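Asker:
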Amino acid sequence: MNAQTLQKKLSDLPLERLRYFESVGSTNDEALAWAASGAPDLSLVIADEQTSGRGRLNRKWFTPKGTALAFSLILRSPAPALLPRTVGLAALSIADSLLVHQLAARIKWPNDVLVNGRKAGGVLIETVWSGTEIDSLVIGMGINVQRDSVPPAEDLQFPATSLEEELGRALDREEFLHDVLSAFIARRPQLGTDAFMKDWEDLLAFRGERVQIRVNESETHTGELLGIDSRGALRLRNEHGNVVTAQVGDVSLRPAA
Ligand code: BT5
């Protein structure tokens, strides 16, 4: 992977600008700084290696050199009402691209992409503020392509896998990146539609199963996972038969023991 081959591979997409790094701390950090200094809509930051890649809540995201996809897309002036749906848009774009390879992905709400029940990718969305308005969004996506991209089990909270492991063959990283970006751009105008919500909900992992959601240290809900509401919040029927919702945020979801 290098800047030239990337430019060529992505040339048919309406990306405004592209910054490629052989190695970087976090593509989200680069994209946040670039967005704050005026990067246009659909600018892309991509790296062959991240040395301090981030997940949610300051968790680590591993991107060993030459093995994975780690990139951040900048969206300017997002519609505030649709912000909570953007994580679904990113996860669905990865799922769409996997389907091309006959892999049926599931989305572990809110931001994990699972293949055969193991995590193959994650999404981290961050915002750039201008006063009290959201100026832009940074959509960070990390995807394990080669087997060596999967971190050791002791570093993981949830089992992980790679696309090549699941496919049993090699996968061209640049081509897969192209497909994910292309799916993202194609789905973006549908963000406000019911059809988008249905597509997202259809891919939800653990639907109909008993799960546990840890909202924070002191708040946990257990119940049957029903789906997601129009704001992207997870819906659960608790043990008393009441429907409870959890908003996008510091929520973890596990199948109940
Ligand atoms: C995520 O967070 O899953 C969001 C990951 C987003 C990464 C992209 S890469 C490009 C951009 N630049 C960044 O710096 N970040 C974004 P979360 O749901 O909090 O999951 C984090 C947890 O996943 C960690 O605590 C580990 O247990 C696990 N993990 C770390 N690296 C992994 C990997 N490569 N594959 C699978 N699991 C991983």
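Counted the way my numbering counts, the sequence shown spans residues -9 to 247. Note that the Cβ used here is the ideal one computed from N, Cα and C, for glycine as well. The structure displayed is predicted, hence computed values, not measured ones.
Starting from Lys188 and walking both ways along the alpha helix (DSSP H), at which residues does that stretch end?
Answerer: Taking the sequence shown and counting its residues from 1, one reaches residue 188 at position 198. Where Lys188 is concerned, the enclosing alpha helix (DSSP H) stretches over 184 to 192.
Asker: Are the segment 166 to 175 and the segment -9 to 1 in contact at 8 Å, needing three or more beta carbon pairs?
Answerer: yes
Asker: Please state if the CB of Ala23 and the CB of Gly182 are separated by a distance shorter than 9 Å.
Answerer: Taking the sequence shown and counting its residues from 1, one reaches residue 182 at position 192. Taking the sequence shown and counting its residues from 1, one reaches residue 23 at position 33. It is not a contact, given that the beta carbons lie outside the stated cut-off.
Asker: Determine the direct distance from the alpha carbon of Lys50 to that of Gly15, and round the result to whole angstroms.
Answerer: Walking along the sequence shown from the start, residue 15 turns up at place 25. Walking along the sequence shown from the start, residue 50 turns up at place 60. So the alpha carbons of these two residues sit roughly 11 Å apart.
Asker: Between Ile133 and Leu114, is the Cβ-Cβ spacing less than 9 Å?
Answerer: One-based indexing of the sequence shown puts residue 133 at position 143. One-based indexing of the sequence shown puts residue 114 at position 124. In this structure, Leu114 does not lie closer than 9 Å to Ile133 by Cβ.
Asker: What did DSSP end up calling Asp2 once you bin it into helix, strand or coil?
Answerer: By 1-based counting over the sequence shown, the position of residue 2 is 12. Reduced to three states, the DSSP call for Asp2 is coil.
Asker: Under the assumption that Val103 contacts Ala94 (Cβ atoms under 8 Å), give the Cβ distance between them as a whole number of angstroms.
Answerer: Taking the first residue of the sequence shown as position 1, residue 103 is located at position 113. Taking the first residue of the sequence shown as position 1, residue 94 is located at position 104. Val103 to Ala94, Cβ: 11 Å. No contact.
Asker: Cβ of Val140 within 9 Å of Cβ of Glu116?
Answerer: Here residue 140 corresponds to residue number 150 of the sequence shown, with the count starting at 1. Here residue 116 corresponds to residue number 126 of the sequence shown, with the count starting at 1. No; because the gap between Cβ atoms is not below 9 Å, this pair is not in contact.
Asker: Identify, in the order they occur along the chain, each residue of the same chain with its Cβ nearer than 8 Å to the Cβ of Thr151, setting aside the five sequence neighbours on each side.
Answerer: Locating residue 151 in the sequence shown gives position 161, where the first residue counts as 1. Once the five neighbours on either side are set aside, the close Cβ partners of Thr151 are Val105, Asn106, Arg108, Lys109, Ala110, Asn134, Val140.
Asker: Go ahead and label Leu5 buried or exposed: buried means 16 or more other beta carbons lie within 10 angstroms of its beta carbon, across all protein chains shown.
Answerer: Start at 1 with the first residue of the sequence shown, and residue 5 comes out as number 15. The residue in question, Leu5, is buried, as its Cβ has 16 or more Cβ neighbours within 10 Å.
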